[in-house]
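2 protein chains.
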Amino acid sequence: MNPTEIIRKKRSGDKLNRTEIEFFIQGYINDKVADYQMSAFLMAVYFQKMDFEETTTFTDIMLNSGVVVDLSEIPGIKVDKHSTGGVGDKVSLILAPMVAACGVPVPMISGRGLGHTGGTLDKLESIPGFRTDLSLDEYKKVIAEIGIVMIGQTAEIAPADKKMYALRDVTGTVESIPLISGSIMSKKLAEGIDALVLDVKTGRGAFMQSEADAIELAKTLIAVGNKFGKKTIGFLTDMSQPLGYAVGNWLEVVECIECMQGKNVPDLMEVTYVLGGAMVMLGGKAGTIEEGISKCKDILQAGKAMDKFNELVRRQGGDISFITNPEKYPKSKYTIGVKSTSKGYIHNIDALEVGFIGIMLGAGRMKVDDIIDPKAGIRLMKKVGDSVKADDTLAIIQTDKKEILETAANRLEKAICVATEPCAPSPLIRAMINEKGVFPWHGCV
Amino acid sequence: MNPTEIIRKKRSGDKLNRTEIEFFIQGYINDKVADYQMSAFLMAVYFQKMDFEETTTFTDIMLNSGVVVDLSEIPGIKVDKHSTGGVGDKVSLILAPMVAACGVPVPMISGRGLGHTGGTLDKLESIPGFRTDLSLDEYKKVIAEIGIVMIGQTAEIAPADKKMYALRDVTGTVESIPLISGSIMSKKLAEGIDALVLDVKTGRGAFMQSEADAIELAKTLIAVGNKFGKKTIGFLTDMSQPLGYAVGNWLEVVECIECMQGKNVPDLMEVTYVLGGAMVMLGGKAGTIEEGISKCKDILQAGKAMDKFNELVRRQGGDISFITNPEKYPKSKYTIGVKSTSKGYIHNIDALEVGFIGIMLGAGRMKVDDIIDPKAGIRLMKKVGDSVKADDTLAIIQTDKKEILETAANRLEKAICVATEPCAPSPLIRAMINEKGVFPWHGCV
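Chains as they are written, first to last, in the working numbering: chain V, 1 to 445; chain S, 1001 to 1445.
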């Protein structure tokens, strides 16, 4: 067996067995399979795909390339959520403390933003002092003590994925369902969870733009989760416009604080409640998703999500004074508004383009080692369906980079489409998906 | 423009323009495009192909990444041959001196073994002292003096291809018509030739296993050659079983010496004479291919191919005593025979598998920097169509690697298929192809 034979076999569309997949992945970690062989393999997988058995084997080998955390000593059903990524997707920051406050332990290992999408880790790190680099021992200690923990992928967790993820980004091999599944599920299964809720995004700002692809991805993720004995359910949610109003790390934290203090940002809270309801149900604290949702609402309204978030921030070293008084946070040097040139209704806010503009402003990364400006970002003033008058401010840009201000404002103006006819946003929660199939989701929030 | 965008564009099946191809290839030479990006690109080309315009642009950029040799001062029409590669394909070692002895200058820049196939360069280098690393000045001098020269690709010749060729070999991206065309034609066009004969292999041991693919490759190569102003014709020849009896570098040199001394190895000599006839015709020393063939036969029978080969070996530093007395060559530590378990006829000798077994024995490379054992290889005792008795030796394995002896022998036994019904080998020369089309070839040897 040699790496080239395995690449050729996959290239020809043949099914790989466990020995072959293991040889290739282990070889990659041990530098016996070169980067250039891995990238050729990844591209071959992009074209020839993997069947379900290959995908689970691939996931299993990635998972077992590192430590699989054992949280069995901690009481309760541990539940996490994973989102396939979007623009303005700050759900985890409200969801995790809300669900934890309902009595369901939430151990969460998150990723950084890459490409046009943001990452939970970058958002958390915008809180001064907040440590995301806990060791796995600390991770276990925090979840045991306060029922919630939010960290980044450590070197021990799925090292094969860590190495491969960086490679995929620069070799055009991101958009592949088996590769995405292996990457997501190997990390999530390593966390020590018992159950998982997935938020699979679809639309312009999602990695899987088409709904059919997103459903296929969701089905694969759910099947893999269940195969590994973790109850997994998913929701297909809209990512054609950014979620909520804020895009940019600290701006998103502030929006989350406001929501946990009772502000209603409708799309953001609808997604948060539905995912939360499912997590609470899977965590055994509610009989149905609907019951879970109403539990989540009560808890949040009672201020307990906020309390739990504050507890998390304190426990992980964050400076709580910025949470209680966000106004003291440093301000961007430049702030400009983008105004409407006509009267009408917002028909579209291109999430992909907003994500790219965010990168320009300093809120995201083009390359893995780019440095993020946590203050930078975009505050939308309107959302799809809203009516506008000429000269209304549609969005505000914040950045320290003077040189890109004008270009960013021009691009943002083009990304927000105003037309004369009234219009409604796309349905937000498109479907609920479990091992039995895809079901319409009748909004209940 | 960045490398990832270009990979994604090709991955999506879009046509690349000259600027994009140039950016990618030049970037690769200048280390701005990483190996792992190139291999992902190559795999994307494997799946999405290139059209004729992209292929000629690609060839042109590869060709002009280095020196294009000018041999116009040397009298005569310079003709070379290129084979797409096979197992036991040692034709060049007899063909080049034979054609040169007919008065047609043969400037040949050859490659190393790639995947399961051998390379002329490795075979020449198995001759103690033989130098294949002449500078281009020496190259010109040798061809001017003795009408033949056989070297390896120098750093100045198509450096883009040199770097890419090594990568393709270990990333499963060899079997792609545009990539093969670009690689072959950029090197051949750089040699300073006036005309070219192609031996395009088809069958299990060829890179293009299917006849349809092989014909498509031949047509592309011929179209590219003619587009660059070089008369190019090709033959489609069988590579379902190894050519001749020897597989392994020095073993093949010995078989060639024997043939140049008059031994008839039918399949090997038929291919050699037909290609030789075409070269002599293109070189203006015969009116037709048939006339060229008979000229070649006369020359070889007169011992003049052998003389020219000896002259070449001496001129390029080889120790002629090994040619005159091959018995003095070092022997492999282990030699075992593979025997027939039944009576019948040889129906198949799987050339691909024989090639892979050759690699195991040390006769080929798994990775670019693997070291070849020139003694190692396989000597077939029978060929397809031959009758065998139980216990007849079918083949002999030679290697220094004790640990793989048994596996190699078992694999080789399975690669040689014996059945009770009589059988004939596949037609050897399937077609003659030129810019006008594909024509049946009526054996005339």
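A virtual CB, placed ideally from N, CA and C, is assigned to each residue, including glycine. As the structure is a prediction and not an experimental result, all values here were calculated from the model.
Counting along the chain, where does the beta strand (DSSP E) carrying S:Cys-1423 start and finish? Residue mapping note: residue 1423 of chain S aligns to position 423 of the second sequence, counting from 1. That residue, S:Cys-1423, is in no beta strand (DSSP E); it is neither H nor E in DSSP.
Tell me the rounded alpha-carbon separation between V:Gly-152 and V:Ala-206. Taking the first residue of the first sequence as 1, we reach residue 152 of chain V at position 152. Taking the first residue of the first sequence as 1, we reach residue 206 of chain V at position 206. Spanning the two alpha carbons is a distance of roughly 22 Å.
Considering only C-alpha positions, which residue in the set S:Met-1062, S:Thr-1232, S:Tyr-1329 is nearest to S:Val-1079? Within the second sequence, residue 1079 of chain S is the residue found at index 79, counting from 1. For the residues S:Met-1062, S:Thr-1232, S:Tyr-1329, the minimum Cα distance to S:Val-1079 belongs to S:Thr-1232.
How far does the beta strand (DSSP E) with V:Arg-430 in it reach, from first residue to last? The residue you call residue 430 of chain V lines up with position 430 of the first sequence. From DSSP, the beta strand (DSSP E) with V:Arg-430 extends over 429-434.
Three-state secondary structure assigned by DSSP to V:Ile-29: Position 29 of the first sequence, counted from the first residue, corresponds to residue 29 of chain V. It is helical.
Among the candidates S:Asn-1002, S:Leu-1093, S:Asp-1133, whose CA atom is the shortest distance from the CA of S:Gly-1317? Start at 1 with the first residue of the second sequence, and residue 1317 of chain S comes out as number 317. Per the Cα distances, S:Asp-1133.
List the residues of chain S that V:Asp-370 touches, going by C-beta distances under 8 Å, in chain order. Mapped onto the first sequence, residue 370 of chain V falls at position 370. Ordered by position in chain S, no residue passes the 8 Å Cβ test against V:Asp-370, which lies about 14 Å from the chain.
Contact test: S:Ser-1092 Cβ vs the ligand SAH heavy atom, cutoff 7 Å: Only the bare structure without any ligand can be found here, which leaves the ligand SAH out of the picture.
Quick one, are the C-beta atoms of S:Val-1149 and S:Met-1185 less than 8 Å apart? As a first step, residue 1149 of chain S must be located in the second sequence, where it is residue number 149. As a first step, residue 1185 of chain S must be located in the second sequence, where it is residue number 185. Not in contact: S:Val-1149 and S:Met-1185 (Cβ atoms no closer than 8 Å).
Thinking just about the alpha-carbon of each residue, which of S:Ile-1215, S:Val-1099, S:Glu-1054, S:Thr-1120 is nearest to the one in S:Val-1438? Here residue 1438 of chain S corresponds to residue number 438 of the second sequence, with the count starting at 1. Distance from the Cα of S:Val-1438 is smallest, within the candidate group S:Ile-1215, S:Val-1099, S:Glu-1054, S:Thr-1120, for S:Ile-1215.
In DSSP terms, what V:Phe-235 is bridged to: Your numbering for residue 235 of chain V matches position 235 in the first sequence. V:Asp-199, V:Met-432, per the DSSP bridge assignment.
Over what stretch of residues does the beta strand (DSSP E) that includes V:Pro-75 continue unbroken? Here residue 75 of chain V refers to the residue found at position 75 of the first sequence. Looking at the DSSP string, V:Pro-75 is not in any beta strand (DSSP E), and its letter there is neither H nor E.
Beta-bridge pairing of V:His-347 - partner residues as DSSP gives them: As a first step, residue 347 of chain V must be located in the first sequence, where it is residue number 347. Answer by DSSP bridge pairing: none, since V:His-347 is not bridged.
The segment 53-67 of chain V / the segment 256-271 of chain V touching (three or more Cβ pairs under 8 Å): no
Just by C-beta distance, which residues in the segment 1029-1062 of chain S are closer than 9 Å to chain V? Ala-1034, Asp-1035, Tyr-1036, Gln-1037, Met-1038, Ser-1039, Ala-1040, Phe-1041, Leu-1042, Met-1043, Ala-1044, Tyr-1046, Phe-1047, Gln-1048
Please look up how many angstroms separate the CB atoms of S:Gly-1276 and S:Leu-1095, rounded, as I've assumed it's under 8 Å. Against the second sequence, residue 1276 of chain S aligns to sequence position 276. Against the second sequence, residue 1095 of chain S aligns to sequence position 95. Yes, S:Gly-1276 and S:Leu-1095 are in contact; Cβ-Cβ is about 5 Å, under 8 Å.
Kindly indicate the opening and closing residues of the beta strand (DSSP E) around S:Met-1108. Taking the second sequence and counting its residues from 1, one reaches residue 1108 of chain S at position 108. 1106-1110 is the span of the beta strand (DSSP E), which, as asked, contains S:Met-1108.
Tell me the residue span of the alpha helix (DSSP H) that contains V:Ala-144. Your numbering for residue 144 of chain V matches position 144 in the first sequence. V:Ala-144 -> alpha helix (DSSP H) spans 136-146.
Closest to S:Thr-1335 by C-alpha separation, out of S:Ala-1144, S:Leu-1405, S:Ser-1065, would be which residue? Position 335 of the second sequence, counted from the first residue, corresponds to residue 1335 of chain S. That would be S:Leu-1405, whose Cα lies nearest to the Cα of S:Thr-1335.
By the 10 Å Cβ neighbour count, where 16 or more other Cβ atoms means buried, how is S:Lys-1162 classified, buried or exposed? Numbered from 1 along the second sequence, position 162 holds the residue referred to as residue 1162 of chain S. S:Lys-1162 is buried by the Cβ-count criterion.
Out of S:Ile-1378, S:Ala-1431, S:Met-1164, S:Ile-1320, state which residue places its alpha-carbon closest to the alpha-carbon of S:Leu-1243. On the second sequence, residue 1243 of chain S is found 243 positions in, with the first residue counted as 1. That would be S:Ile-1378, whose Cα lies nearest to the Cα of S:Leu-1243.
If the criterion is Cβ atoms closer than 8 Å, does the pair S:Ala-1044 and S:Ile-1007 meet it? Indexing the second sequence from 1 puts residue 1044 of chain S at position 44. Indexing the second sequence from 1 puts residue 1007 of chain S at position 7. It is a contact, given that the beta carbons lie within the stated cut-off.
Can you check whether the CB of V:Lys-375 is closer than 8 Å to the CB of V:Lys-328? Residue numbering aside, residue 328 of chain V sits at position 328 when the first sequence is read from its first letter. Residue numbering aside, residue 375 of chain V sits at position 375 when the first sequence is read from its first letter. No, Cβ-Cβ distance for V:Lys-328 and V:Lys-375 is not below 8 Å.
Cβ distance (whole Å) where S:Asp-1190 is taken to contact S:Ile-1077 below 8 Å: Position 190 of the second sequence, counting from 1, holds the residue named residue 1190 of chain S. Position 77 of the second sequence, counting from 1, holds the residue named residue 1077 of chain S. The question names Asp, but residue 1190 of chain S is Ala in the sequence shown. The Cβ separation is near 17 Å, so there is no contact.
Listed in chain order, which residues of the segment 1163-1185 of chain S have Cβ atoms closer than 8 Å to some Cβ of chain V? Residues Leu-1167, Asp-1169, Val-1170, Thr-1171, Gly-1172, Thr-1173.
With S:Gly-1336 as the anchor, note down where its beta strand (DSSP E) starts and where it stops. Within the second sequence, residue 1336 of chain S is the residue found at index 336, counting from 1. Here residue 1336 of chain S turns out to be Ile, not Gly, going by the sequence shown. Run containing S:Ile-1336: 1334-1339, per the beta strand (DSSP E) assignment.
Under the three-state reduction of DSSP, which class applies to V:Cys-296: helix, strand or coil? Along the first sequence, read from residue 1 onward, the residue named residue 296 of chain V stands at position 296. DSSP places V:Cys-296 in helix when its eight states are reduced to three.
Listed in chain order, which residues of the segment 10-27 of chain V have Cβ atoms closer than 7 Å to some Cβ of chain S? Taken in chain order, the members of the segment 10-27 of chain V whose beta-carbon sits within less than 7 Å of a beta-carbon on chain S are Arg-11.
Mapping the DSSP letters down to three states, classify S:Gly-974 as helix, strand or coil. What is shown of chain S runs 1001 to 1445, which leaves residue 974 of chain S out entirely.
Considering only the alpha carbon of each residue, which of V:Gln-26, V:Ile-222, V:Met-164, V:Asn-2 lies closest to V:Lys-436? Here residue 436 of chain V refers to the residue found at position 436 of the first sequence. If we check each option's Cα against that of V:Lys-436, V:Ile-222 comes out closest.
Taking 8 Å as the threshold (beta carbon to beta carbon), is V:Thr-4 in contact with chain S? For the purposes of this step, residue 4 of chain V is taken as the residue at position 4 of the first sequence. Yes - at least one Cβ of chain S is within 8 Å of the one on V:Thr-4.
With a cut-off of 8 Å on the beta carbons, I'd call V:Lys-339 and V:Asp-392 a contact; round off their distance for me. Stepping through the first sequence from its first residue, residue 339 of chain V is reached at position 339. Stepping through the first sequence from its first residue, residue 392 of chain V is reached at position 392. Contact holds; Cβ gap of about 7 Å.
Cα-Cα separation between V:Gly-284 and V:Val-104, rounded to whole angstroms: Here residue 284 of chain V refers to the residue found at position 284 of the first sequence. Here residue 104 of chain V refers to the residue found at position 104 of the first sequence. When rounded, the distance between both Cα atoms is 8 Å.
Reducing DSSP to helix, strand and coil, say where S:Gly-1440 ends up. For the purposes of this step, residue 1440 of chain S is taken as residue 440 along the second sequence, with counting starting at 1. Per the sequence shown, the amino acid found at residue 1440 of chain S is Pro instead of Gly. DSSP places S:Pro-1440 in strand when its eight states are reduced to three.
Which chain V residues sit within Cβ distance under 7 Å of S:Arg-1411? On the second sequence, position 411 is the one that residue 1411 of chain S refers to. In chain order: nothing, as chain V lies at least about 13 Å away.
If you drop the 5 nearest sequence neighbours on each side, which residues of the same chain put their C-beta closer than 8 Å to that of S:Thr-1084? Within the second sequence, the letter at position 84 stands for residue 1084 of chain S. Excluding residues within five positions, the ones whose Cβ falls inside 8 Å are Ile-1180, Ile-1184, Leu-1198, Asp-1199, Val-1200, Lys-1201, Ala-1206, Phe-1207, Met-1208, Ala-1214, Leu-1217.
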